[in-house]
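Numbering (our numbering), first residue to last: 859 to 989.
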């Protein structure tokens, strides 16, 4: 009975980020991280697709004020984007004036990671992991 769930739950379909400016943030993820526009809902909401087929939702924020977050703030804290070569990814993002939130550190579970922020200040990670 326990194994039946393994065939039903296959992984994360998409994370979502509530944006101040949906179009601007969708453009940022496309230009900076190679996503493409996959589907637009009139709300407006963009579903973006990564080169590996995973999705990212960009949706409008509500009236709630943005709270300061760290990687350890309770709740969902960040999205990690996997890369094949962390140093090459960092060099590329440096040319785009990314705002870094620290140096390269060991990734929990193996590999290495560096924290940074997207256009609206949401924490993201660039992570190299080899299984």
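Note that the Cβ used here is the ideal one computed from N, Cα and C, for glycine as well. In this text, all values refer to a predicted model and were calculated from it rather than measured experimentally.
query                                                                                               : result
Alpha-carbon spacing of residue 922 relative to residue 876, whole angstroms                        : 10 Å
The segment 943–950 touching the segment 904–924, judged by at least three CB pairs closer than 8 Å : no
Alpha-carbon to alpha-carbon, residue 975 and residue 956                                           : 7 Å
Endpoints, the alpha helix (DSSP H) within which residue 952 is located                             : 944–953
Same chain, Cβ closer than 6 Å to residue 986, five either side skipped, listed in chain order      : 941, 944, 969, 970
Residue 904 vs residue 937 beta-carbon contact at 8 Å                                               : no
Assigned secondary structure, residue 874 (DSSP; H/G/I helix, E/B strand, else coil)                : strand
Residue nearest to residue 989 in terms of C-alpha spacing, selected from 928, 868, 965, 958        : 965
Residues near residue 958 by beta carbon distance below 6 Å, same chain, minus five either side     : 974
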